[in-house]
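Given below as C-alpha coordinates:
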(Lines of atoms letter the chains of each structure in order from A and count residues from 1; the text may use other names and numbers.)
(Lines give C-alpha, C1' and ligand atoms only; values in the text may rest on other atoms or scores of the structure.)
Protein backbone atom coordinates (compact mmCIF):
# COMPACT_ATOMS: atom_id res chain seq x y z
CA UNK A 1 0.00 0.00 0.00
CA UNK A 2 2.98 2.31 0.60
CA UNK A 3 3.77 2.38 -3.15
CA UNK A 4 0.19 3.35 -4.01
CA UNK A 5 0.18 6.06 -1.35
CA UNK A 6 3.39 7.59 -2.72
CA UNK A 7 2.11 7.42 -6.28
CA UNK A 8 -1.09 9.19 -5.23
CA UNK A 9 0.83 11.89 -3.36
CA UNK A 10 3.05 12.38 -6.41
CA UNK A 11 0.01 12.75 -8.68
CA UNK A 12 -1.60 15.26 -6.37
CA UNK A 13 1.60 17.29 -6.01
CA UNK A 14 2.22 17.57 -9.77
CA UNK A 15 -1.36 17.65 -11.03
CA UNK A 16 -2.67 20.58 -13.04
CA UNK A 17 -6.21 21.94 -12.79
CA UNK A 18 -8.49 20.82 -15.58
CA UNK A 19 -11.26 23.24 -16.54
CA UNK A 20 -14.68 21.71 -16.06
CA UNK A 21 -17.82 22.89 -17.80
CA UNK A 22 -20.71 23.88 -15.59
CA UNK A 23 -18.71 24.71 -12.46
CA UNK A 24 -18.66 28.40 -11.55
CA UNK A 25 -17.27 30.46 -8.74
CA UNK A 26 -17.69 34.11 -7.86
CA UNK A 27 -15.16 35.54 -10.31
CA UNK A 28 -14.25 39.21 -10.74
CA UNK A 29 -16.78 39.78 -13.54
CA UNK A 30 -19.65 38.32 -11.52
CA UNK A 31 -18.48 40.21 -8.42
CA UNK A 32 -18.61 43.51 -10.36
CA UNK A 33 -22.07 42.71 -11.74
CA UNK A 34 -23.41 41.92 -8.28
CA UNK A 35 -21.96 45.13 -6.82
CA UNK A 36 -23.62 47.09 -9.64
CA UNK A 37 -26.97 45.39 -8.96
CA UNK A 38 -26.59 46.09 -5.26
CA UNK A 39 -25.89 49.80 -5.88
CA UNK A 40 -28.26 50.42 -8.81
CA UNK A 41 -30.87 47.71 -8.29
CA UNK A 42 -31.52 44.48 -10.12
CA UNK A 43 -33.26 44.76 -13.47
CA UNK A 44 -36.98 44.06 -13.26
CA UNK A 45 -39.14 42.13 -15.65
CA UNK A 46 -41.50 43.60 -18.22
CA UNK A 47 -44.94 44.68 -17.07
CA UNK A 48 -48.09 42.63 -17.51
CA UNK A 49 -50.00 45.94 -17.63
CA UNK A 50 -51.86 44.88 -14.49
CA UNK A 51 -50.26 46.66 -11.49
CA UNK A 52 -51.61 44.14 -8.98
CA UNK A 53 -50.12 41.26 -10.98
CA UNK A 54 -46.83 43.13 -11.54
CA UNK A 55 -46.32 43.13 -7.76
CA UNK A 56 -45.92 39.34 -7.85
CA UNK A 57 -45.10 38.51 -11.48
CA UNK A 58 -43.46 40.13 -14.50
CA UNK A 59 -41.93 38.88 -17.74
CA UNK A 60 -38.23 38.44 -17.09
CA UNK A 61 -36.18 37.46 -20.15
CA UNK A 62 -34.79 33.96 -19.77
CA UNK A 63 -37.24 32.93 -17.06
CA UNK A 64 -39.41 29.86 -17.29
CA UNK A 65 -42.80 30.46 -15.69
CA UNK A 66 -44.92 27.49 -14.67
CA UNK A 67 -48.58 28.01 -13.89
CA UNK A 68 -50.02 25.14 -11.87
CA UNK A 69 -53.34 24.45 -10.27
CA UNK A 70 -56.52 22.43 -10.27
CA UNK A 71 -57.68 21.29 -13.74
CA UNK A 72 -60.34 23.45 -15.43
CA UNK A 73 -59.87 26.44 -13.13
CA UNK A 74 -58.76 28.95 -15.79
CA UNK A 75 -54.95 28.69 -15.89
CA UNK A 76 -54.80 28.61 -19.69
CA UNK A 77 -57.39 31.37 -20.08
CA UNK A 78 -55.50 33.57 -17.62
CA UNK A 79 -52.18 33.01 -19.38
CA UNK A 80 -53.75 33.68 -22.79
CA UNK A 81 -55.37 36.86 -21.52
CA UNK A 82 -51.95 38.06 -20.34
CA UNK A 83 -50.45 37.17 -23.74
CA UNK A 84 -53.19 39.01 -25.67
CA UNK A 85 -52.78 42.11 -23.49
CA UNK A 86 -48.98 42.04 -23.88
CA UNK A 87 -49.33 41.62 -27.64
CA UNK A 88 -51.92 44.35 -28.06
CA UNK A 89 -49.96 46.92 -26.03
CA UNK A 90 -46.32 45.96 -26.64
CA UNK A 91 -46.56 44.03 -29.92
CA UNK A 92 -45.13 40.78 -28.55
CA UNK A 93 -45.23 37.63 -30.67
CA UNK A 94 -45.83 34.18 -29.22
CA UNK A 95 -44.98 30.69 -30.37
CA UNK A 96 -47.47 28.36 -28.68
CA UNK A 97 -47.44 24.63 -28.09
CA UNK A 98 -51.01 23.78 -27.10
CA UNK A 99 -51.77 20.11 -27.82
CA UNK A 100 -54.90 20.25 -25.66
CA UNK A 101 -56.43 22.75 -28.12
CA UNK A 102 -56.89 20.69 -31.21
CA UNK A 103 -57.99 21.32 -33.88
CA UNK A 104 -56.06 24.56 -34.08
CA UNK A 105 -59.09 26.73 -34.82
CA UNK A 106 -60.18 26.18 -31.19
CA UNK A 107 -57.04 27.86 -29.92
CA UNK A 108 -57.08 30.71 -32.45
CA UNK A 109 -60.81 31.35 -31.93
CA UNK A 110 -60.21 31.52 -28.21
CA UNK A 111 -57.55 34.21 -28.76
CA UNK A 112 -60.00 36.13 -30.98
CA UNK A 113 -62.62 35.97 -28.23
CA UNK A 114 -60.14 37.21 -25.63
CA UNK A 115 -58.93 40.02 -27.92
CA UNK A 116 -62.47 41.22 -28.65
CA UNK A 117 -63.95 40.63 -25.22
CA UNK A 118 -67.06 39.19 -26.86
CA UNK A 119 -67.88 35.86 -28.38
CA UNK A 120 -67.59 34.92 -32.03
CA UNK A 121 -69.99 31.98 -31.53
CA UNK A 122 -73.03 31.96 -33.84
CA UNK A 123 -75.32 30.67 -31.08
CA UNK A 124 -75.13 33.94 -29.13
CA UNK A 125 -77.06 37.08 -30.03
CA UNK A 126 -74.39 39.49 -28.78
CA UNK A 127 -71.46 38.27 -30.85
CA UNK A 128 -68.71 40.02 -32.78
CA UNK A 129 -69.59 41.73 -36.03
CA UNK A 130 -67.91 40.44 -39.22
CA UNK A 131 -65.60 43.49 -39.10
CA UNK A 132 -64.63 42.86 -35.48
CA UNK A 133 -64.03 39.20 -36.23
CA UNK A 134 -61.80 40.07 -39.21
CA UNK A 135 -59.85 42.53 -37.02
CA UNK A 136 -59.33 39.83 -34.38
CA UNK A 137 -58.14 37.32 -36.99
CA UNK A 138 -55.55 39.81 -38.25
CA UNK A 139 -54.39 40.48 -34.69
CA UNK A 140 -54.02 36.77 -33.91
CA UNK A 141 -52.25 36.09 -37.21
CA UNK A 142 -49.75 38.87 -36.49
CA UNK A 143 -48.97 37.87 -32.90
CA UNK A 144 -49.44 34.10 -32.50
CA UNK A 145 -48.46 30.86 -34.16
CA UNK A 146 -48.61 27.24 -33.03
CA UNK A 147 -45.83 24.68 -32.90
CA UNK A 148 -46.80 21.04 -33.31
CA UNK A 149 -44.47 18.08 -33.67
CA UNK A 150 -44.88 16.30 -36.98
CA UNK A 151 -44.02 12.78 -38.02
CA UNK A 152 -40.92 12.96 -40.18
CA UNK A 153 -38.30 10.73 -41.73
CA UNK A 154 -35.65 13.35 -40.97
CA UNK A 155 -33.09 12.58 -38.26
CA UNK A 156 -34.32 13.72 -34.84
CA UNK A 157 -30.84 14.20 -33.36
CA UNK A 158 -30.27 17.41 -35.34
CA UNK A 159 -31.63 20.32 -33.22
CA UNK A 160 -31.81 22.54 -36.31
CA UNK A 161 -34.71 20.40 -37.54
CA UNK A 162 -36.98 20.69 -34.50
CA UNK A 163 -40.26 22.59 -35.01
CA UNK A 164 -39.28 25.14 -32.34
CA UNK A 165 -35.88 25.80 -33.93
CA UNK A 166 -37.47 26.17 -37.36
CA UNK A 167 -40.07 28.55 -35.93
CA UNK A 168 -37.38 30.66 -34.26
CA UNK A 169 -35.53 30.89 -37.58
CA UNK A 170 -38.70 31.76 -39.47
CA UNK A 171 -40.12 34.22 -36.91
CA UNK A 172 -36.95 36.16 -36.16
CA UNK A 173 -38.80 38.72 -34.02
CA UNK A 174 -40.36 36.04 -31.80
CA UNK A 175 -39.87 36.99 -28.21
CA UNK A 176 -41.78 34.39 -26.23
CA UNK A 177 -43.11 30.88 -26.14
CA UNK A 178 -46.15 29.42 -24.41
CA UNK A 179 -46.34 25.70 -23.70
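In my numbering, the protein residues as written are 247 to 425.
For glycine and all other residues, C-beta sits at the position ideal for the given N, C-alpha and C.
Non-local beta-carbon contacts of residue 303 in its own chain, meaning distances under 7 Å to residues more than five positions away in sequence, involve 294 in chain order. The beta-carbon separation of residue 357 and residue 330, rounded to 6 Å, stays under the 8 Å limit for a contact. For residue 324, there is no enclosing beta strand (DSSP E); the enclosing alpha helix (DSSP H) covers residues 321 to 336.
The shortest CA-to-CA distance from residue 320 to any of 305, 360 and 285 is the one to 360. Residue 393 is classed as buried because its beta carbon has at least 16 other beta carbons within 10 Å across all chains shown. Between the segment 327 to 343 and the segment 276 to 295 there are three or more inter-stretch CB-CB distances shorter than 8 Å, so the stretches are counted as touching.
In this chain, the beta strand (DSSP E) harbouring residue 390 covers 390 to 392. In this structure, DSSP gives residue 251 a helical state, which the three-state scheme calls helix.
Here residue 387 is exposed. Its C-beta has fewer than 16 other C-beta atoms within 10 Å. Straight across, the Cα-Cα distance linking residue 380 with residue 328 is about 21 Å.
Counting along the chain, no alpha helix (DSSP H) covers residue 301, and no H or E run does either. Look at residue 365 here: in three-state DSSP terms it is strand. In the same chain as residue 276, and ignoring 5 residues on each side of it, no C-beta atom comes closer than 6 Å to its own.
For residue 341, the enclosing beta strand (DSSP E) begins and ends at 340 to 342.
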